[in-house]
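Chemist: Here's a structure for you.
Pasting the structure below:
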């Protein structure tokens with residue numbers, strides 16, 4: 002999705018700002034501050050997959066089935082949420098307007114919620130093994146990133162400025178976990 006959304010567009014504004022601030026030192030500084038940090042986070046987030054593969058006697062019990070179900074719920078929210086938003090954005094009449102239909106009526110970020118569910122689902126499958134339970138750390142890290150670091154928090158700062166009616170949308174719509182909208 003990110004490739005499709007960003008293909009042919011300029012470099013991310015955050016990297017442009019870093020390039021400007023750090024000048025010729027950008028490659029070296031970004032290696033540690035951007036890519037090193039991302040490497041550590043990717044290692045932590047992928048713990049459920051890494052640890053789940055170490056089981057010498059894999060089993061499919063209740064946790065694994067719950068994980069598969071949660072993974073499917075997450076996939077549904079990601080795919081449907083992204084499709085609904087893409088369809089909404091295609092209509093020129095919706096420029097600058099808040100998307101509050103479909104899954105977006107119940108959560109301001111169905112795709113991020115879905116992404117978290119996918120990772121918690123994988124973590125539950127891995128948790129069938131004793132060592133795999135450490136993989137729950139990965140799902141927790143991903144949820145924190147989505148909620149507090151690079152997902153919801155970062156995006157909403159710009160949406161409040163760019164979308165008419167977004168403040169009202171925030172007041173009535175759950176930020177992450179889908180819930181019925183609050184009455185106005």
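Numbering (the numbering used here), first residue to last: 2 to 185. Even glycine gets a Cβ: it sits at the ideal position worked out from N, Cα and C.
1. Out of 174, 150, 143, which has the shortest C-alpha to C-alpha gap to residue 45?
2. Taking all protein chains shown into account, do 16 or more other C-beta atoms lie within 10 angstroms of the C-beta of residue 66, making it buried, or fewer, making it exposed?
3. Is residue 61 buried or exposed, if buried means 16 or more other CB atoms sit within 10 Å of its CB?
4. Around the Cβ of residue 156, are there at least 16 other Cβ atoms within 10 angstroms (buried) or fewer (exposed)?
5. Quick one: Cα of residue 57 to Cα of residue 20, how far?
6. Distance check for residue 176 and residue 43, CA to CA, integer angstroms please.
7. Compute the Euclidean distance between the alpha carbons of residue 23 and residue 100, then round it to the nearest angstrom.
8. Could you check how far apart the C-beta atoms of residue 117 and residue 147 are, in whole angstroms? I think they sit under 8 Å.
9. Assuming the contact rule is C-beta atoms closer than 8 Å, residue 64 and residue 169 should be a hit. Round their C-beta distance to whole Å, please.
10. Helix, strand or coil for residue 41? Go by DSSP, reduced to three states.
Modeler: From the atom records:
1. Comparing Cα-Cα distances from residue 45 to each of 174, 150, 143, the minimum goes to 143.
2. With fewer than 16 other Cβ atoms within 10 Å, it is exposed.
3. Under a 10 Å Cβ-count criterion, residue 61 is classified as exposed, with fewer than 16 other Cβ atoms of the shown protein chains found around its own Cβ.
4. Per the 10 Å Cβ criterion, exposed.
5. Roughly 47 Å separates the two Cα atoms.
6. Approximately 24 Å between the Cα atoms of the pair.
7. Going by the C-alpha atoms only, they are around 37 Å apart.
8. Confirmed, about 5 Å.
9. Actually they are not in contact, since the Cβ atoms of residue 64 and residue 169 sit about 41 Å apart, beyond 8 Å.
10. Residue 41 falls in the helix class under three-state DSSP.
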